[in-house]
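What follows is a short report on a single structure.
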Amino acid sequence: MALIFQKVKSAPMPFFVRPVAKGIANQVLKSYVDPNVTNHLQFIENHLSKNTWFAGDELSGADFQMIFPLEAAMSRSEVASKLPHVLAFVKKVHALSAYKAALEKGGPYAYA
């Protein structure tokens with residue numbers, strides 16, 4: 009939702025509609041989206057503070073599913089960059105030989 013409302017603010021539109029659209033988008037971001045993103049990231053931080061991986065002590069598919077949203081959050085959210093367990097998780101996944109091999113096979117990736 010954050011991406012959508014950021015796009016609304018920069019989307020082409022008639023000049024007289026722009027201030028209204030930006031105002032609505034800013035208000036939705038401030039009152040709904042940002043608090044929910046913060047809440048979800050804090051939940052993840054709390055979970056990772058007690059667990060090595062998302063599903064416990066073993067690397068699983070859950071970890072592979074979570075790496076992209078956490079990489080994106082690290083680059084787009086001021087909150088995520090201040091969460092030490094989330095940051096440690098991302099670094100741990102980036103250090104995996106399988107992750108490095110995937111990057112070599114798949115090519116450059118902006119969040120890696």
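Count along the sequence shown from 1, then add 8; that gives the number in the working numbering.
In this text, a Cβ means the ideal position worked out from N, Cα and C, and glycines have one as well.
Keep in mind it's a predicted model, so treat the numbers as computed, not measured.
For the beta strand (DSSP E) assignment, the segment 36–84 encloses no uninterrupted run of at least 3 residues. Annotation for leucine 11: the continuous alpha helix (DSSP H) segment containing it runs 10–18.
Across the set Gly115, Tyr40, Leu95 and Glu79, the C-alpha of Leu95 shows the shortest separation from the C-alpha of asparagine 54. Counting only residues of its own chain and dropping the five nearest sequence neighbours on each side, valine 45 has a CB closer than 8 Å to the CB of Ala10, Ala81, Ser85 and Val87. Between the C-alpha atoms of alanine 110 and threonine 60 there is a straight-line separation of about 22 Å.
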